[in-house]
Every structure is written in structure tokens, then in C-alpha cells.
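> Residue 650 is where the first sequence ends in our numbering, and the numbering goes up by one at each step.
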Amino acid sequence: MPELPEVETTVRSLRKQILGKRIKDVWTDAKKLVKKPESFSDFGKEIKNRKIESVSRRAKFIFLGLSGNKKLLVHQKMSGHLLVGEWQRNNGEWISKSGGSLQNDPYNQYIHIVFFLDDGTQLALSTLRKFSKVELWDADELEESKQIKKLGPEPLPKDFGFESFKRALNKRRSGKIKQVLMDQSVIAGIGNIYANEILWEAKVSPFKNFTKLSEKELKSIFKAIKRVLKKGIELQGASYSDYRKPSGKKGGFQDWGRVYDREGEDCPRCEGEIKRKKTGGRSVYFCPHCQE
DNA sequence: CGAGGTACCTGACAGC
DNA sequence: TGCTGTCAGGTACCTC
């Protein structure tokens, strides 16, 4: 579910909330979410008493650096989000002790993993569809793992300039620009919401083969990537449905977005109407009038 | 190589 | 009311 801005928002918040704390125990009612090590009890033994020394992100992957040169990888995938709070188990549900943070989270009945920290707070993974995954790695091995190694460049650092963007695209020989933007091995972190918004912002048709794009179109896509992703971070993510910040509160990008989930509305820029079609098995939202 | 389908899961919602 | 089909911020893996 979450894309780069949501994952970045989560990471920034976690840094404030859990850095330096020690993991005392872990609970789950969905052992399959933990992929590595395969046995959940081994996972529990391995993770206990490790201190959270860093919180970082690569593409949509979250890394918690743990003492003893380990890294905990969390991928939230669709519908997943991490929450920090203090809850207790009650009739098969996690209830917030303060009545606070989780009241803002409509999906708190989907907490399936809870890490108990040494100051009494908890880090929880809420994942309605259970696509999320958690893996414990030796730090060096994680860097070399296929899922991380295949990722393209991060789009936001200053050194990702227009030339880097064009070089990144060259990994592909052809393909519709919408699908290419979402290809994590080309550029890391863009998903369906932001790909739609970026192309609207750039006034480029999602269906156009990227090899047919003019220099001018490429330039406006490049600019739109920076602008839209930064806006997403500034607004602390998009909560179209179940994404929540670790506090349980919603992000704000869904009100700023111009096309995603707005089929049938007037294009805010021209006389057109927002349409929805499909490519690559995903919904494409666009304005056929001003995105040629 | 690219495109398209499937799988992994649980819901919300529209239409009959 | 209940059924059926479709849709949902992702990724891996398979076939053509």
C-alpha cells in the first residue's frame, strides 16, 4: 500500500518514537508474515533483547538496524502500516490503553504482529490483507539480497538529476511510461497513486511508450517526480483508505491529489473529465484532454 | 526483453 | 437479505 512518501513518513516518525529502545518480546497471530527465519519461535529468540539502533528506508522497504549487526526488514505492501502505542489484548483485539492513538486507526483490529519494547510501548504491524512481510537479516547479507540489489536509484536525493533519470530509463528498452515509472528496478519508490499524479502533473499520457517521449516531456516528468513525491512527504502521506501514520492519524495527500480515485470528476486544469482505464493490471487515472 | 496472468489475503461496495 | 463480481498505496514468479 504505502509508497515512498508514506514509507518515508513512517520512518521519520519511528525515528522519534522507537530509536534506542530494546525489543523485549514479540507476538503474532499470523506466523506466515515472518518469512525469515522460517520458524517464528526462532525469530522470537533471535530478536529478543536487541536494541533498535537505526531506522531507515530503501524504496518501500523499512529497515530497523538492530544491535549485533542485524537488520529487521519490513515491507508493508498493500494495506500494511506500522503503529506505535500502548495496547492490551482484549477478546482477541488490541485495545489502546490510553484510548488515544488507535482511535484514529479504523483498522486496529488488523494488528497481526506486536513488538514489545523495554519502555512499555509497542510497535505493531497492522495489515488487513496480510501481504506485509517481516524478515530478520544479517546486515551485510541484506544489502546483497536480490530484492534490495535489483532496486533502481532513489528519486529524491540531489544527485538524482535529469541525466540520472534518463540513464535510469535506459534500463528498459520499451514500455508504457506509467508502467516504467512503477518499475522498482528503474526508479525506486513510485507506486500507483504517485505514478498517476506525476503523469497528470507532467501533462503526459500514461499510455505513451517512453521511447517516444520528447526531451521536453521527459523533463516535465522528471520535475513532476520531485515535486509530487516531495508534496507527499510534506503532507505526510496519502490515506485514501487505510494508511495511517505510526501515531494512528491520517496523512493529507489524498486531498491534494488531482486524479487518483477521482474518476468522473472535472479535470482541475482543463475542460476534460478524469477517466479510469487499466494497464498492467492496475487502474490508471488520467485526463484524456490535457494528457496527450 | 516486455506483457500479462496468477498468487498471496481480507474486506467494501455495487448490482441483481 | 444474500449472492456475485469488482476493486484496493505491492511484489514475486510463471508463461508466452
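Note that beta-carbon positions come from the ideal geometry of N, C-alpha and C, so glycine has one too.
(1) Of the choices G438, Q434, E411, whose alpha-carbon is the least far from that of N427?
(2) What is the residue span of the beta strand (DSSP E) that D496 lies within?
(3) If you drop the 5 nearest sequence neighbours on each side, which residues of the same chain put their C-beta closer than 8 Å to that of K379?
(4) Which whole-angstrom value describes the C-beta separation of M430 and P604, a residue pair presumed to lie in contact below a C-beta threshold of 8 Å?
(5) For K488, which of F518, H433, L422, Y643 has the nearest alpha-carbon?
(6) Please report the distance separating the alpha-carbon of K394 from that of V365.
(7) Are the beta-carbon atoms belonging to H470 and L481 less than 9 Å from one another?
(8) Would you kindly work out how many angstroms separate the C-alpha atoms of E629 and E559, rounded to a whole number?
(9) G438 and T485 look like a contact to me (Cβ under 8 Å); what is the Cβ gap, rounded to whole Å?
(10) DSSP three-state call for K561: helix, strand or coil?
(11) Once you ignore the five residues that flank E592 on each side, which residues in its own chain have a CB closer than 6 Å to its CB?
(12) Can L362 and G533 be called in contact, C-beta distance under 9 Å?
(13) Write down the C-beta distance between L576 and L514 rounded to the nearest angstrom, noting that I regard them as a contact closer than 8 Å.
(14) Count Cβ pairs between the region 640-649 and the region 534-554 that sit closer than 8 Å; are there 3 or more?
(15) In whole angstroms, give me the CA-to-CA distance for Q375 and G638.
(16) Measuring only the C-alpha atoms, how far is L372 from K389?
(17) Please say whether R416 and L509 have beta carbons closer to each other than 9 Å?
(18) Quick one: complete alpha helix (DSSP H) runs, 4+ long, within the region 462-537?
(19) Alpha carbons only, please: which of G450, L494, R602 is nearest the one belonging to S397?
(20) Looking only at its own chain, which residues have a Cβ that is under 7 Å from the Cβ of V369, when we skip the five neighbours before and after it?
(21) By the three-class DSSP mapping on this structure, what secondary structure does S459 have?
(22) Have a look at R616 and P626 and give me their C-alpha separation to the nearest angstrom.
(23) Under a Cβ-count criterion, where at least 16 other Cβ atoms within 10 Å of its own Cβ denotes burial, should G450 be classed as buried or exposed?
(24) Could you please give the first and the last residue of the uninterrupted alpha helix (DSSP H) stretch that includes D613?
(25) I'd like the span of the beta strand (DSSP E) that includes F568, first residue to last.
(26) Quickly, what does DSSP pair G438 with across the bridge? List them, please.
Once the coordinates are examined:
(1) If you number the first sequence from 1, residue 427 lands on position 69. The residue with the shortest Cα to Cα distance from N427 is E411.
(2) In the first sequence, the residue the question calls residue 496 occupies position 138. Per DSSP, D496 belongs to the beta strand (DSSP E) from 491-496.
(3) Reading the first sequence from its first residue, position 21 is the one you call residue 379. Within the same chain, K379 has close Cβ partners K409, I410, L475, D476, D477, T479.
(4) On the first sequence, residue 430 is found 72 positions in, with the first residue counted as 1. On the first sequence, residue 604 is found 246 positions in, with the first residue counted as 1. Inspection of the sequence shows that residue 430 is occupied by Leu rather than by Met. Not really, about 15 Å apart at Cβ, beyond 8 Å.
(5) Here the question's residue 488 lines up with position 130 in the first sequence. With distances taken between Cα atoms, K488 lies closest to H433.
(6) Position 36 of the first sequence holds residue 394. Position 7 of the first sequence holds residue 365. Their Cα atoms are separated by approximately 21 Å.
(7) Start at 1 with the first residue of the first sequence, and residue 470 comes out as number 112. Start at 1 with the first residue of the first sequence, and residue 481 comes out as number 123. No, the Cβ-Cβ distance between H470 and L481 is not below 9 Å.
(8) Along the first sequence, one-based indexing puts residue 629 at 271. Along the first sequence, one-based indexing puts residue 559 at 201. In this structure, the CA atom of E629 is about 16 Å from the CA atom of E559.
(9) By one-based count along the first sequence, residue 438 stands at place 80. By one-based count along the first sequence, residue 485 stands at place 127. The pair is a contact, with the Cβ atoms about 4 Å apart (cut-off 8 Å).
(10) As a position in the first sequence, residue 561 is number 203, starting the count at 1. Three-state DSSP puts K561 in coil, outside helix and strand.
(11) Along the first sequence, read from residue 1 onward, the residue named residue 592 stands at position 234. Listed in chain order, the non-local C-beta contacts of E592 below 6 Å within the same chain number zero, local neighbours out to five positions each way being set aside.
(12) By one-based count along the first sequence, residue 362 stands at place 4. By one-based count along the first sequence, residue 533 stands at place 175. The criterion of a C-beta distance shorter than 9 Å is not satisfied by L362 and G533.
(13) One-based indexing of the first sequence puts residue 576 at position 218. One-based indexing of the first sequence puts residue 514 at position 156. Taking 8 Å as the upper bound for CB-CB distance, L576 and L514 are not in contact here, some 18 Å apart.
(14) Segments in contact, yes.
(15) Your numbering for residue 375 matches position 17 in the first sequence. Your numbering for residue 638 matches position 280 in the first sequence. The straight-line gap from Cα to Cα measures roughly 38 Å.
(16) Taking the first residue of the first sequence as position 1, residue 372 is located at position 14. Taking the first residue of the first sequence as position 1, residue 389 is located at position 31. Distance between the alpha carbons of L372 and K389 is about 23 Å.
(17) Taking the first residue of the first sequence as 1, we reach residue 509 at position 151. Taking the first residue of the first sequence as 1, we reach residue 416 at position 58. The Cβ atoms of L509 and R416 lie closer than 9 Å to each other.
(18) Every unbroken stretch of the alpha helix (DSSP H) spanning 4 or more residues and falling wholly within the region 462-537 is given here in chain order: 497-502, 504-507, 520-527.
(19) Start at 1 with the first residue of the first sequence, and residue 397 comes out as number 39. The residue with the shortest Cα to Cα distance from S397 is L494.
(20) Here residue 369 refers to the residue found at position 11 when the first sequence is read from its first residue. Answer for V369: V413, S414, R415, I420, listed in chain order.
(21) The residue you call residue 459 lines up with position 101 of the first sequence. No answer about S459 holds up, because its pLDDT of 45 lies below 50 and its placement is not dependable.
(22) As a first step, residue 616 is located in the first sequence; it is residue number 258 there, counting from the start. As a first step, residue 626 is located in the first sequence; it is residue number 268 there, counting from the start. Distance between the alpha carbons of R616 and P626 is about 7 Å.
(23) As a first step, residue 450 is located in the first sequence; it is residue number 92 there, counting from the start. So G450 counts as exposed.
(24) The residue you call residue 613 lines up with position 255 of the first sequence. Note, D613: alpha helix (DSSP H), 611-614.
(25) In the first sequence, the residue the question calls residue 568 occupies position 210. Run containing F568: none; DSSP gives neither H nor E here.
(26) As a position in the first sequence, residue 438 is number 80, starting the count at 1. For G438, which the question treats as bridged, DSSP gives the partners T485.
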